[in-house]
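Asker: Structure provided below as structure tokens; questions to follow.
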Amino acid sequence: MQDNNNSKKSGFTLKSITQSKGFSAFTAALLAIALGLIVGFLVMLVADPSNAVKGFNSVLSGGLRRIGDVFYFATPILMTGLAVGFAFKMGLFNIGASGQYTMGMYFALYVGFMWDMPKGIHWVVAVFAGMIGGMLWGFIPGIFKALLNVNEVITSIMFNYIGMYLVDMLIQGNSNMYVSSMTRTAYLPSSVQIPSLGIAGSNVNFGIVLAVIIGIILYIVLQKTTFGYELKATGFNKSAADYAGMKGKRNIILTMVIAGGLAGLGGAFAILAPSAIAGSSMTYEPINIIAANGFNGIAVALLGNAHPIGVIFSSVFISHIQRGGTLASLYGYKPEIIDIVIAVIIYFSAFAMIMNSAAARFIKTRREKRHAVSEAKSIGDKDASSETKEAKK
Amino acid sequence: MRNITKEFPGIIANDNITLTLKRGEVHALLGENGAGKSTLMSVLFGLYQAEKGEIRKNGEVVKINNPNDANALGIGMVHQHFKLVEIFTVLENIILGVEPNKMGFLEKSEARKKVVELSEKYGLKVNPDAVIEKISVGMQQRVEILKMLYRDNEILIFDEPTAVLTPQEIEELLQIMRGFADEGKSILFITHKLNEIMQVADRCTVLRKGKYIGTVDVKDTTKEELSKMMVGRDISFSVEKEPAEPKDVVLSVRGVTVPSQTHKNNAVKNVSFDVRAGEIVCLAGIDGNGQTEFVSALTGLEKMTAGTITLAGKDITKASIRERSKAGMSHIPEDRHKHGLVLDYSLEENMILQRYWEPAFQKHGFLKFDAMRKYTEELVKKFDVRSGQGPVTIARSMSGGNQQKAILAREIDKKHELLVAVQPTRGLDVGAIEYIHKQLVERRDAGKAVLLVSLELDEVMDVSDRILVMYEGEIVGELDPKTTTVEELGLYMSGAKRNTVKEINHAG
Chain A
16 MQDNNNSKKS
26 GFTLKSITQS
36 KGFSAFTAAL
46 LAIALGLIVG
56 FLVMLVADPS
66 NAVKGFNSVL
76 SGGLRRIGDV
86 FYFATPILMT
96 GLAVGFAFKM
106 GLFNIGASGQ
116 YTMGMYFALY
126 VGFMWDMPKG
136 IHWVVAVFAG
146 MIGGMLWGFI
156 PGIFKALLNV
166 NEVITSIMFN
176 YIGMYLVDML
186 IQGNSNMYVS
196 SMTRTAYLPS
206 SVQIPSLGIA
216 GSNVNFGIVL
226 AVIIGIILYI
236 VLQKTTFGYE
246 LKATGFNKSA
256 ADYAGMKGKR
266 NIILTMVIAG
276 GLAGLGGAFA
286 ILAPSAIAGS
296 SMTYEPINII
306 AANGFNGIAV
316 ALLGNAHPIG
326 VIFSSVFISH
336 IQRGGTLASL
346 YGYKPEIIDI
356 VIAVIIYFSA
366 FAMIMNSAAA
376 RFIKTRREKR
386 HAVSEAKSIG
396 DKDASSETKE
406 AKK
Chain B
2 MRNITKEFPG
12 IIANDNITLT
22 LKRGEVHALL
32 GENGAGKSTL
42 MSVLFGLYQA
52 EKGEIRKNGE
62 VVKINNPNDA
72 NALGIGMVHQ
82 HFKLVEIFTV
92 LENIILGVEP
102 NKMGFLEKSE
112 ARKKVVELSE
122 KYGLKVNPDA
132 VIEKISVGMQ
142 QRVEILKMLY
152 RDNEILIFDE
162 PTAVLTPQEI
172 EELLQIMRGF
182 ADEGKSILFI
192 THKLNEIMQV
202 ADRCTVLRKG
212 KYIGTVDVKD
222 TTKEELSKMM
232 VGRDISFSVE
242 KEPAEPKDVV
252 LSVRGVTVPS
262 QTHKNNAVKN
272 VSFDVRAGEI
282 VCLAGIDGNG
292 QTEFVSALTG
302 LEKMTAGTIT
312 LAGKDITKAS
322 IRERSKAGMS
332 HIPEDRHKHG
342 LVLDYSLEEN
352 MILQRYWEPA
362 FQKHGFLKFD
372 AMRKYTEELV
382 KKFDVRSGQG
392 PVTIARSMSG
402 GNQQKAILAR
412 EIDKKHELLV
422 AVQPTRGLDV
432 GAIEYIHKQL
442 VERRDAGKAV
452 LLVSLELDEV
462 MDVSDRILVM
472 YEGEIVGELD
482 PKTTTVEELG
492 LYMSGAKRNT
502 VKEINHAG
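These protein sequences, in sequence, are chains A and B.
Quick note on numbering: the first sequence equals residues 16 to 408 in our numbering.
Quick note on numbering: the second sequence equals residues 2 to 509 in our numbering.
Below is the structure:
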């Protein structure tokens with residue numbers, strides 16, 4: 016018996032770590048990623064067996080060679096990921112991050128082109144304008160949901176289209192911005208550019224720093240404040256939140272406004288970033304396509320378990336394999352392959368909780384096997400006790 | 002089942018439990034909420050795997066990994082919450098999973114014959130073509146029982162089967178169970194109603210806090226002895242209290258009318274009454290006579306179309322839920338999972354659900370986690386709320402009785418003048434019921450007004466100082482529990498008798 020107790024104690028620290036919430040979410044994400052990569056590799060094998068290993072290698076490590084770019088491309092999806100994840104905590108599925116993102120871009124563009132301001136302030140104002148644009152596009156589905164109980168998924172999908180066509184229309188109709196011979200806007204003045212972090216050979220800029228800070232602030236809001244407490248309570252159990260006298264309608268609107276603002280910031284960070292690749296930022300091309308970064312945000316939020324800190328890591332990871340994917344095209348692979356790999360990872364992260372419990376069981380049985388050895392020593396003791404039980408019967 | 006041990010994080014649900022079931026007996030399994038009865042049965046039925054111990058059938062060790070294994074061994078279970086497909090017919094539900102077929106085409110006529118035979122043989126009257134969602138709860142239970150019989154099960158597990166039934170249905174069910182036993186089937190009967198055990202069971206095994214206490218022959222024991230085994234001390238079945246000393250009016254309800262969610266008529270019609278400080282007023286009635294709607298309107302969850310509500314001299318007719326709470330209303334809700342708790346929150350987060358916005362628990366919008374922890378620890382101690390991991394236990398993992406205690410603690414400790422308790426003892430065992438009744442009486446003695454809404458006649462008669470009977474949305478009578486009888490109360494509740502004069506006078 017004594018022996019048994021001892022082994023329990025020694026296993027306690029491992030147990031307390033493996034059973035903590037954060038750990039389980041983390042292992043689930045890792046498992047999802049591992050399985051996603053394996054399937055991705057299989058896809059590459061099928062597509063082109065001879066180059067699969069080389070190509071897969073560049074998927075895995077390609078991002079490391081361009082670490083600056085990884086962060087550069089992570090910035091917008093980090094913001095849209097936060098936008099989706101934050102609303103998710105409230106039980107709202109903000110599928111409209113794309114529209115909010117596009118509105119953010121437009122507002123930032125407008126301030127960039129139309130307002131004349133000194134360098135150092137101009138980009139800050141433009142970033143704020145982007146946030147307000149996104150907030151507006153989050154506010155509308157929010158108010159529909161709160162006052163008329165219209166499903167936010169439907170309104171926000173609609174507002175993706177409305178936002179995108181509206182922005183394209185406004186830009187094409189504005190001769191100060193649009194250069195019809197280029198079928199895109201002119202380049203923004205340099206005063207509105209977000210300062211670069213100065214890493215040679217990459218476009219990484221101050222935006223990623225701001226995005227990470229915003230993620231941490233969101234974490235604090237969710238975990239430490241009464242607003243976060245109300246928000247999560249509503250997400251878990253709306254009836255109980257009502258019972259406790261929380262203002263559900265106000266919170267729905269507020270959450271959607273904040274989520275929209277986050278996506279809008281993402282749009283502003285993307286459009287105002289310095290870029291060495293012509294046309295990838297500082298200019299907008301109205302091509303009637305819904306911004307992909309909005310939907311990538313859903314993937315980022317799912318993989319990050321809607322947790323702000325998790326979203327920071329998942330956005331960097333997805334950006335990393337996206338960079339690797341572009342490099343894989345050197346071996347003749349289409350970049351779409353990498354989209355498949357990412358899709359598989361998201362798909363598996365939906366199973367994350369199941370896989371997680373499987374992993375926990377695996378760890379547990381292993382631990383018990385070890386226990387069994389130590390228990391075997393005290394088996395005599397045990398037999399005696401079971402005999403007394405028998406006698407009772 | 003021998004030496005069964007099952008652990009959950011932080012709690013040992015079954016600690017070395019041995020249970021033997023003989024052929025042809027009704028074996029009752031008795032224990033408080035959270036004693037581990039359901040867990041033990043789930044192990045037997047293959048829903049959980051035990052960490053230690055073995056299960057033997059007819060002397061042979063068997064391994065039950067899932068309910069299919071259990072079925073193959075002739076073990077069937079009627080769950081507390083039925084597992085039926087609502088839009089299927091009775092027959093389709095019974096054959097679900099063991100459909101007789103030829104080349105994948107259903108052979109319903111054969112199945113129908115067997116089902117009809119079985120239902121005639123055991124007096125389980127059902128219409129095989131009725132759709133589940135259209136038949137009564139008692140009928141649905143018969144379908145569950147027929148499911149087991151159809152699979153030729155020999156060991157039948159009933160998990161708290163009487164909780165959802167009317168007294169007449171309970172009587173019938175117990176007779177049916179007796180009939181099975183006489184026929185040589187073995188029955189495991191999980192319950193915490195002692196009367197039923199005394200009536201039907203041959204032997205009774207008692208669990209307490211996951212531990213095996215003992216097995217007794219029912220004919221050699223008494224109700225008192227069993228309840229002592231179950232909770233570990235003597236239990237008083239009646240509530241002891243001094244006569245009430247009502248003082249000022251705390252709650253005044255005038256002409257309240259609430260529309261129904263399900264039909265066009267009003268669910269609550271022109272209800273008026275007062276509740277004074279220092280008395281327990283019980284709103285009695287058969288379920289579905291407007292009590293739920295009335296409480297929703299009173300607590301602000303639903304809107305009312307007419308009438309006024311005054312609490313402690315303040316008109317709260319149009320006040321928000323938060324304002325009502327501030328004005329001194331505490332509310333123990335009917336559905337503790339839907340309203341009372343955020344199940345995915347920890348115990349401590351639930352404890353401050355009504356008070357998190359108070360300066361004691363937040364500063365500039367930031368929660369004070371130390372204060373929260375300290376407060377929870379205080380309440381846990383004071384109200385004996387048991388949980389696996391203390392304040393950080395997730396509410397979902399706590400037993401029903403302790404969840405209810407947590408809600409009770411929260412609502413009683415909050416500053417209040419009126420305590421609205423809606424079916425506060427629903428689904429709880431005698432120990433917890435006794436405790437909650439005591440707390441309600443204590444609130445009354447502390448000079449608070451208590452409005453109790455209850456469906457249980459015993460509770461209505463024992464706890465309250467004044468009874469208001471609600472029938473079809475109206476208050477049809479006011480009774481004094483000291484002078485009235487259960488029979489008279491029943492007549493009012495069923496609408497056979499009414500006397501509104503008293504109530505009108507009182508309201509005037």
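Backbone N, C-alpha and C define an ideal beta-carbon position, used for all residues, glycine too.
By DSSP, does Tyr202(A) sit in helix, in strand, or in coil?
Answerer: In this structure, Tyr202(A) counts as coil in the three-state DSSP scheme.
Asker: Taking 7 Å as the CB-CB limit, is Tyr244(A) close to chain B?
Answerer: It does; some Cβ of chain B falls within 7 Å.
Asker: Where DSSP assigns a beta bridge to Gln363(B), which residues make up the other side?
Answerer: Per DSSP, Leu368(B).
Asker: Give the interface partners of Trp251(A) over in chain B, defined as CB-CB distance under 8 Å, in chain order.
Answerer: Note that residue 251(A) corresponds to Phe in the displayed sequence, not to Trp. The answer, in chain order, is Val343, Leu344, Asp345, Tyr346.
Asker: Under 9 Å between beta-carbons, which chain B residues line up against Leu241(A)? List them in chain order, please.
Answerer: What sits at residue 241(A) in the sequence shown is Thr, not Leu. Per Cβ cutoff of 9 Å: Tyr357, Trp358, Phe362, Gln363, Gly366, Phe367, Leu368.
Asker: If we define contact as Cβ-Cβ less than 7 Å, is Arg24(B) a contact residue for chain A?
Answerer: It does not; no Cβ of chain A falls within 7 Å.
Asker: So Glu285(B) is in the beta strand (DSSP E); what residue range does that whole segment cover?
Answerer: First, the residue type needs correcting, since residue 285(B) is Ala and not Glu in the sequence shown. 281-285 is the span of the beta strand (DSSP E), which, as asked, contains Ala285(B).
Asker: By Cβ distance below 6 Å, which residues in the same chain neighbour Arg81(A) in space, the five residues on each side in sequence not counted?
Answerer: These residues qualify, in order along the chain: Arg338.
Asker: Where Gly428(B) and Gln81(B) are concerned, what is the direct C-alpha to C-alpha distance, given to the nearest angstrom?
Answerer: Rounded to whole angstroms, Gly428(B) to Gln81(B) spans 11 Å at the Cα level.
Asker: Got a sec? Which residues, its chain only, sit under 8 Å from Asn271(B) by beta carbon, not counting five neighbours each side?
Answerer: Excluding positions up to five away in sequence, the list reads Gly256, Val257, Thr258, Ala307, Gly308, Glu475.
Asker: Answer yes or no: do Trp138(A) and Ile228(A) have a C-beta to C-beta separation smaller than 7 Å?
Answerer: The answer is no: Cβ separation not under 7 Å.
Asker: Can you find the residues in the same chain that come closer than 6 Å, C-beta to C-beta, to Ile171(B), ignoring five residues on each side of it along the sequence?
Answerer: Answer for Ile171(B): Thr163, listed in chain order.
Asker: Going by DSSP, which residues form a beta bridge with Ser331(B)?
Answerer: Ser331(B) pairs with Leu420(B).
Asker: Keeping to the same chain, check which residues put their C-beta closer than 7 Å to that of Gly243(A); ignore five residues upstream and five downstream.
Answerer: Around Gly243(A): Val236, Leu237.
Asker: Would you tell me roughly how many angstroms separate the C-alpha atoms of Asn66(B) and Ser39(B), rounded to the nearest one?
Answerer: In a straight line, the C-alpha of Asn66(B) is about 17 Å away from that of Ser39(B).
Asker: What residues of chain B sit near Gly260(A), judged by a beta carbon separation below 7 Å?
Answerer: Chain B residues near Gly260(A): Ser321, Ile322, Arg323, Ser326.
Asker: Is it buried or exposed for Leu342(A), if we count other Cβ within 10 angstroms and need 16 for buried?
Answerer: So Leu342(A) counts as buried.
Asker: Pull the bridge partners of Leu189(B) from the DSSP assignment, please.
Answerer: His28(B), Ile158(B), per the DSSP bridge assignment.
Asker: What is the residue span of the alpha helix (DSSP H) that Met420(A) lies within?
Answerer: Because chain A here runs from 16 to 408, residue 420(A) falls outside it and cannot be looked at.
Asker: Give me whichever residues DSSP pairs with Ile468(B) in a beta bridge.
Answerer: Beta-bridge pairing links Ile468(B) to Cys283(B), Leu480(B).
Asker: Check whether the Cβ atoms of Phe367(B) and Lys104(A) sit closer than 7 Å, and answer yes or no.
Answerer: No; because the gap between Cβ atoms is not below 7 Å, this pair is not in contact.
Asker: Identify whether Arg374(B) lies in helix, strand or coil by the three-state DSSP scheme.
Answerer: Here Arg374(B) sits in helix by DSSP.
Asker: Out of curiosity, what's the CA-to-CA distance linking Gly70(A) and Lys262(A)?
Answerer: Near 53 Å, if we compare the C-alpha coordinates of Lys262(A) and Gly70(A).
Asker: In terms of residues, what are the limits of the alpha helix (DSSP H) holding Phe432(A)?
Answerer: Absent from the structure is residue 432(A), since the part of chain A shown begins at 16 and ends at 408.
Asker: Can you tell me the Cβ-Cβ gap for Gly149(A) and Gly100(A), rounded? I've got them flagged as a contact below 8 Å.
Answerer: 15 Å between Cβ atoms; not a contact.
Asker: Is Asn252(A) buried or exposed, if buried means 16 or more other CB atoms sit within 10 Å of its CB?
Answerer: Asn252(A) comes out buried.
Asker: State the Cα-Cα distance for the pair Glu443(B) and Glu418(B), rounded to the nearest angstrom.
Answerer: Roughly 13 Å between the two C-alpha positions.
Asker: Between Asp63(A), Leu93(A), Phe88(A), which lies nearest to Lys231(A) when the distance is taken from Cα to Cα?
Answerer: This sequence places Ile at residue 231(A); Lys is not what is there. Residue Leu93(A) is the option with its Cα nearest to Ile231(A).
Asker: Using the Cα positions of Ala372(B) and Ile437(B), report the straight-line distance between them to the nearest angstrom.
Answerer: Spanning the two alpha carbons is a distance of roughly 26 Å.
Asker: Excluding the 5 residues preceding and the 5 following Leu85(B) in the sequence, name in chain order all residues of the same chain whose CB lies nearer than 8 Å to its CB.
Answerer: Contacts found: Asn94, Ile133, Gln141, Val144, Glu145.
Asker: Using 10 angstroms around the beta-carbon of His193(B), count the other beta-carbons present and answer buried if the total reaches 16, otherwise exposed.
Answerer: Flag for His193(B) reads buried.
Asker: Can you tell me whether Asp249(B) is buried or exposed? The criterion is at least 16 other CB atoms within 10 Å of its CB, across all chains shown.
Answerer: Exposed.
Asker: Cβ closer than 7 Å: which chain A residues qualify as neighbours of Pro334(B)?
Answerer: What Pro334(B) touches in chain A: Tyr258.
Asker: So, for Val282(B): in the same chain, excluding its five sequence neighbours on each side, which residues have a beta-carbon less than 6 Å away from its beta-carbon?
Answerer: Taken in chain order, the residues that qualify are Val276, Leu452, Arg467.
Asker: Three-state secondary structure (DSSP) at Gly178(A)?
Answerer: Gly178(A) falls in the helix class under three-state DSSP.
Asker: Grab me the residues of Leu212(A)'s own chain with a C-beta within less than 7 Å of its C-beta, minus the 5 sequence neighbours each way, in chain order.
Answerer: Hits under 7 Å: Val219, Asn220, Phe221.
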